[in-house]
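Q: Reading the sequence shown from the start, the letters are residues 0 to 142 in numbering that gives the first Met the number 0.
The beta-carbon is built from N, C-alpha and C at its ideal position, and this holds for glycine as well.
Remember, it's a predicted structure, so these values are computed and weren't measured experimentally.
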Amino acid sequence: MDRLKKSPWMLHYDASSCNGCDIEVLACTMPRFDLERFGIINTGNPFHADILLITGGVNHQSAQVVKQIYSQMPNPKVVVAVGICACSGGIFKDCYNIYGGVDTVIPVDVYVPGCAARPQSIIDGVLQAVELLEKKKEEAHHE
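1) Once you ignore the five residues that flank VAL65 on each side, which residues in its own chain have a CB closer than 8 angstroms to its CB?
2) For ILE97, write down the residues that DSSP places opposite it in a beta bridge.
3) Does the structure place the segment 107-117 close enough to the segment 60-74 that three or more beta carbon pairs sit under 8 angstroms?
4) Let me check understanding here. Comparing Cα to Cα, which of VAL78, ASP21, PRO30 and LYS136 lies closest to PRO45?
5) Does the beta-carbon of LYS143 have 16 or more other beta-carbons within 10 angstroms, so that it is buried, or is it exposed?
6) Who does THR42 pair with in a DSSP beta bridge?
7) Does DSSP put ILE53 in a helix, in a strand, or in coil?
8) How do the segment 14-26 and the segment 112-120 stand: do at least 3 beta-carbon pairs fall below 8 angstroms, yes or no?
9) Leaving aside the five residues before and after ALA139 along the sequence, list all residues of the same chain whose C-beta is less than 8 angstroms from its C-beta, in chain order.
10) Kindly indicate which three-state DSSP category VAL111 falls into: helix, strand or coil?
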C-alpha cells in the first residue's frame, strides 16, 4: 500500500442486487469501517475510477451498462464482484432474465462472496484489488 503513487478511486455499480450488498458497501465507507483510511476514494465517474465494484447479478438491462462503464475506465483497472449474485448469479442464476455473475460480461479480478457480503470481506476484497492494480501498473510501466 505504501508504494501507491496516488489514491485509487473506486466506482460502485448495482447491476441488479436486492440492495443487501449495497448497504454493506455503504457501511464500508462510513466511519465504523472507514475504507478511506486506506486511501481509497469513492467516485461516481468511470473516467476517474481505477476499481469497479459491482453488486448483483447481470441481467439483460444491466449488461450493456456494465460493459459501457468498464470500457470508460482507464487502464489499468480492476473489477471486484461483491456478493454471491455478482460472483455467480446467486439464487437468481436460474431465472430467465439473469445472465449470471459479472464475469459473464466483463473480466472479474476479485470475488467477494456472501449474502450479503460483510463489510470486512468487502474491504479485504478492495485491498486485494489495490494490490492487483499496483501490479498491473508495474507491468504496464515495464512494457
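A: The answer reads as follows:
1) A distance below 8 angstroms between beta-carbons, with the five flanking residues on each side excluded, links VAL65 to the following residues of its chain, in chain order: TYR12, ALA14, ILE53, VAL57, VAL101, VAL104 and ILE105.
2) Per the DSSP secondary-structure output, ILE97 pairs in a beta bridge with ASN58.
3) At 8 angstroms Cβ cutoff, the stretches do not touch.
4) The option with the nearest alpha carbon to PRO45 is VAL78.
5) The displayed coordinates of the chain run from 0 to 142. Any statement about residue 143 would go beyond what the structure contains.
6) DSSP, once it has assigned bridges, lists LEU10 as partnering THR42.
7) ILE53: strand per DSSP, three-state reduction.
8) Contact between the segment 14-26 and the segment 112-120 is present, because at least three Cβ pairs lie under 8 angstroms.
9) Only ASN74 and PRO75 meet the Cβ criterion.
10) Of the three classes helix, strand and coil, the one that applies to VAL111 here is strand, per DSSP.
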